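Have a look at the structure below, then the notes.
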């Protein structure tokens, strides 16, 4: 990806993720609207932009991890199996560790959150595989589940309140989904530009050959 494509992905993710998170914060905390103060609005925007920034850091970190994983396990076959195991491990820990920290009273809520996350992640991974190729399914699923849960840890450590946890999770899921679905689209123009000079060079070579033969 060229610098221009990277900047487009960066800024569009930041803007759309912040706006989406802001709306989620307003829905989960109507008090921001009731107070009708600029401080409340700035607080909601800061909260959503923070989670969007965390998502962006996690996404680009995963791109590096994915490349290292492919090299370490010598291809996608074994690396995909490792990712599936890590997905199962992350989902189990997301429920079990929270039960240890906050008790068993909300066990079904924790399980329900993970079920919803898996469903949404499966839809995003399927869409990514259709837009690119089937090999993108497992990496996208890993990103949407494991990386999202890792990014969610600061909120999980701080509180168990739905009004704070769900907007954060929704923002992370949205931002990660946007980045992974738009990545290949922002890469396409750069790849197209790199192909054009080579095709132009081939055309010039053909012209020279034809002129010499004539």
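Numbering (the working numbering), first residue to last: 1437 to 1650. Glycine is no exception: its CB is placed at the ideal position from the N, C-alpha and C atoms. Quick caveat, the model's predicted, so the values are computed rather than measured.
Assign residue 1511 to one of two classes, buried (16 or more other C-beta atoms within 10 Å of its C-beta) or exposed (fewer than that).
exposed
In whole angstroms, give me the CA-to-CA distance for residue 1531 and residue 1543.
7 Å
If you run the structure through DSSP and keep just helix, strand and coil, what is residue 1510?
coil
Can you tell me where the alpha helix (DSSP H) holding residue 1587 begins and where it ends?
1584–1594
Measure the Cβ-Cβ separation of residue 1487 and residue 1576 and say whether it is below 9 Å.
no
Reduced DSSP secondary structure (H/G/I, E/B, other) of residue 1529
helix
For residue 1473, which of helix, strand or coil comes out of DSSP?
coil
Round the Cβ separation of residue 1586 and residue 1523 to the nearest angstrom and send it over; I've been treating them as touching at under 8 Å.
In fact, because the Cβ distance is near 12 Å, the residues do not count as touching under 8 Å.
Using C-beta distances below 8 Å, list every residue in its chain close to residue 1594, excluding the 5 sequence neighbours before and after it, in chain order.
1600
What three-state label does DSSP hand residue 1539 in the structure shown?
coil
Local conformation of residue 1549 per DSSP, three classes:
helix
Given a cut-off of 9 Å, decide if residue 1457 and residue 1578 are closer than it, judged by their beta-carbon atoms.
no
On the CB-based measure, 16 or more other CB atoms within 10 Å of its CB, does residue 1534 come out buried or exposed?
buried
Would you mind sorting residue 1453 into buried or exposed? The rule is 16 or more other CB atoms within 10 Å of its CB.
buried
Residue from 1603, 1622 and 1612 with nearest C-alpha to residue 1481:
1603
Quick one: what does DSSP say residue 1603 is sitting in, helix, strand or coil?
helix
Going by other Cβ atoms of all chains shown within 10 Å of its Cβ, with 16 needed for buried, is residue 1497 buried or exposed?
exposed
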